[in-house]
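Report on the structure given below.
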Amino acid sequence: MSTPVTAQRALRIALLATLSFLMLALSACQSSRPISERMESKYSLKKRKTSISCLRSVGREQCTLPVKVSKRSYKTMLHSIEQLKKVKFRYGGTTTKGFDCSGFVQYLYAKAFNLALPRVSRSMALLGTVVPREQLERGDLLFFAFEKDVSHVGVYLGSGKFAHASSAAKKITISSLQERSYAKHFAFGARIIQVQK
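Residue numbers (mature numbering (1 follows the signal peptide of the UniProt record, and there is no 0)): -28 to -1, 1 to 169.
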C-alpha cells in the first residue's frame, strides 16, 4: 500500500520541480532582454500625454507635443547648460543652488521653451512619443533605468552626447551614451520638442 502513496508523492515533487524550472526559465528570458527594449515596451503601453502646459504672458495654455521651438530657443538652452556646468548636484534640487536630474531638465525647458514639465523623471517619461536610440534628435529627453523603473533623465544634444545633473559627477555635466553605464541603463527617449530647421 505504500507504493501508490510514494508514487503520488514522487509525481507531486516532479510537478513542482517542473513548474519551478519553467518559472525560472521564463523570468530569465524576461530579464535577459535589454533594458531599452523592456522600458520602451512598458512606456509605449502606458497612457502617454500628448499635450503640455506652455507658459504664456497671459497664463498657461495647453500645447500639443512635440512643441515646435526655434533654433534661437534651442541655442538659449545650450547656453544655459554651459552656464550651469558649475552648479552642484543636489537631491531634490530645482534651482541654481543645486539640481537633481529632473529639476535640471524642468528648469531648462521652462527657461528656454516656456514649458511646464512634471517634477519627477517617471512623470516626464509619459510625455510625447517614445523614441528608440537610433532615432534620437537634439532636444529629446533621455531616460535611464538604474533601478527597476525610470530613475534618471537628461537632454539629448546630438552626436551621442547628453546633458544631465549627475549624482556620480556631483554636478551638471555632458556625458556620452557610449559610456558603459549609460549604454547599459538607457531606457528610451521621448520627443516633446521639435527644433525648427
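Where a beta carbon is used, it is the ideal one built from N, C-alpha and C, also for glycine. Fair warning: this is a prediction, and the values are worked out from it, not measured in the lab.
Give the secondary structure of residue i by DSSP, where H, G and I count as helix, E and B as strand, and everything else as coil.
i       : result
Leu(-5) : Residue confidence for Leu(-5) is low, a pLDDT of 46 falling below 50, so the modelled location carries little weight and cannot support an answer.
Tyr154  : helix
Gln55   : helix
Leu99   : strand
Gln168  : coil
Take residue i and list the residues in its own chain whose beta-carbon comes closer than 7 angstroms to its own, dropping the five residues that flank it on each side.
i        : result
Arg(-17) : none
Lys18    : Leu98
Ser139   : Phe61
Leu(-3)  : Because the pLDDT of Leu(-3) is 41, which lies under 50, any placement of that residue in the model is unreliable, and the question is left without a value.
Gln150   : Gly132
How far does the beta strand (DSSP E) with residue i in it extend, from its first residue to its last?
i      : result
Val77  : First-last for Val77: Cys73 to Phe85, but that is the alpha helix (DSSP H), not the beta strand (DSSP E).
Ser138 : Lys133 to Ser138
Ser147 : Lys143 to Ser148
Leu129 : His124 to Gly130
Phe116 : Leu113 to Phe116
Can you give me the start and stop residues for the alpha helix (DSSP H) that residue i sits inside?
i      : result
Ala162 : It is not in any alpha helix (DSSP H) - Ala162 instead sits in the beta strand (DSSP E) that spans Phe158 to Arg163.
Glu109 : Looking at the DSSP string, Glu109 is not in any alpha helix (DSSP H), and its letter there is neither H nor E.
Arg62  : Here Arg62 belongs to no alpha helix (DSSP H), and DSSP marks it neither H nor E.
Arg91  : From DSSP, Arg91 is part of no alpha helix (DSSP H); its letter is neither H nor E.
Using C-beta distances below 8 angstroms, list every residue in its chain close to residue i, excluding the 5 sequence neighbours before and after it, in chain order.
i     : result
Lys58 : Lys143 and Ile144
Arg91 : Thr66, Ser74, Gly75 and Gln78
Could you name the residues of the same chain whose beta carbon sits closer than 6 angstroms to that of residue i, not counting the 5 residues immediately before and after it, in chain order?
i      : result
Leu114 : Gly126, Tyr128, Phe134 and Gly161
Tyr63  : Asp72
Gln166 : Pro38 and Lys40
Ala137 : Phe61, Phe71, Asp72, Cys73, Phe76 and Ile144
Thr146 : In the sequence on display, residue 146 carries Ile and not Thr. The residues are Lys133 and Ala135.
Glu33  : Cys26
Is any beta-carbon of chain C found at less than 7 angstroms from that of residue i?
i     : result
Glu12 : No chain C is present in this structure, which holds just one protein chain.
Give a yes or no on contact between the segment 84 to 95 and the segment 131 to 142, applying the rule of three or more CB pairs nearer than 8 angstroms.
Too few Cβ pairs lie closer than 8 angstroms, so no.
Any chance you could list the beta strand (DSSP E) runs of at least 3 consecutive residues sitting entirely within the segment 9 to 45, in chain order?
23 to 28, 31 to 36 and 39 to 41
Between the segment 146 to 162 and the segment 95 to 105, do three or more beta carbon pairs fall short of 8 angstroms?
Taking 8 angstroms as the limit for Cβ pairs, the verdict is that the segment 95 to 105 does touch the segment 146 to 162.
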